[in-house]
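Presented below is the structure to which this report refers.
Numbering (the numbering used here), first residue to last: 1 to 108.
Structural data, given as structure tokens:
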């Protein structure tokens with residue numbers, strides 16, 4: 001996805017492998033049992049987005065913004081957050097395995 005794409009949807013189960021999201025905006029989206037293998041999010045914005053049982057394997061978040069995002073039972077395996085911003089993000093039973101935060105900040 002590129003440009004100023006706005007995505008509003010709900011997924012039951014999704015596998016987004018090696019997907020790239022450039023400047024994508026997710027408003028009130030819900031991801032259930034989603035798997036993101038080597039997905040890249042460049043300047044993506046997540047507004048009131050919920051991730052239920054989501055797995056991020058080697059996912060990269062470059063300048064991503066999480067506004068009131070909720071991660072329920074999310075797993076981050078070797079995920080990288082570069083200059084990510086977290087505004088009131090909630091992590092419920094989230095697991096971080098070798099995740100990297102670089103120049104990231106926020107109110108979690």
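Glycine is no exception: its CB is placed at the ideal position from the N, C-alpha and C atoms.
Is the CB-CB distance between residue i and residue j below 7 Å?
{"i": "residue 54", "j": "residue 31", "result": "yes"}
{"i": "residue 41", "j": "residue 66", "result": "no"}
{"i": "residue 76", "j": "residue 99", "result": "yes"}
{"i": "residue 64", "j": "residue 44", "result": "yes"}
{"i": "residue 71", "j": "residue 86", "result": "no"}
{"i": "residue 104", "j": "residue 84", "result": "yes"}
So the beta strand (DSSP E) residue i belongs to, where does it begin and stop?
{"i": "residue 25", "result": "25-27"}
Is residue i near the ligand NAP, going by C-beta to nearest heavy atom under 6 Å?
{"i": "residue 101", "result": "Absent from the structure shown: the ligand NAP. Ligands present: none."}
Might you give, ordered along the chain, the residues of its own chain that have their beta carbon closer than 6 Å to the beta carbon of residue i, omitting 5 neighbours on each side?
{"i": "residue 46", "result": "26, 66, 69"}
{"i": "residue 78", "result": "58, 98"}
{"i": "residue 35", "result": "15, 55"}
{"i": "residue 81", "result": "61, 101, 104"}
Quickly, what does DSSP pair residue i with across the bridge? List them, please.
{"i": "residue 94", "result": "In the DSSP output, where bridge partners are listed per residue, residue 94 has none listed."}
In chain order, which beta strand (DSSP E) runs of at least 3 residues are fully inside the segment 27-81? 30-32, 34-37, 40-42, 45-47, 50-52, 55-57, 60-62, 65-67, 70-72, 75-77
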